[in-house]
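Inspection log for the structure reproduced underneath, given as structure tokens.
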Amino acid sequence: MLKLLDKIHLGLLAASLFLKMIAALCVLFIITLFAYFLIMSPVIDKNTETIITLIKDGKVAEAEEMYHDKFSIHIKDYEDLGNCI
356 MLKLLDKIHL
366 GLLAASLFLK
376 MIAALCVLFI
386 ITLFAYFLIM
396 SPVIDKNTET
406 IITLIKDGKV
416 AEAEEMYHDK
426 FSIHIKDYED
436 LGNCI
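Numbering (the working numbering), first residue to last: 356 to 440.
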């Protein structure tokens, strides 16, 4: 009987450690996402601001050439974006 209780106890301990490990990985993932968006947000905002400035200046082709690969958008579709802002 004692051996059975020891096996059950070890099983519960292993399950508990496994769940704690998964919880720790989830927390690390959330922290990583938060850090990524915290770091990348100013970069994305700056690039978007540059695109809008180029569109306002009438340099749509230059803006599309510079940022088409990064954003995968067709700025020709957004020529009136500068007028809306």
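All C-beta atoms, glycine included, are put in the ideal place defined by N, C-alpha and C.
The beta-carbon separation of Ile410 and Ala418, rounded to 6 angstroms, stays under the 8 angstroms limit for a contact. When the beta-carbon positions are compared, Met421 and Thr405 come within less than 9 angstroms of each other. Under the three-state reduction of DSSP, Gly366 is assigned to helix.
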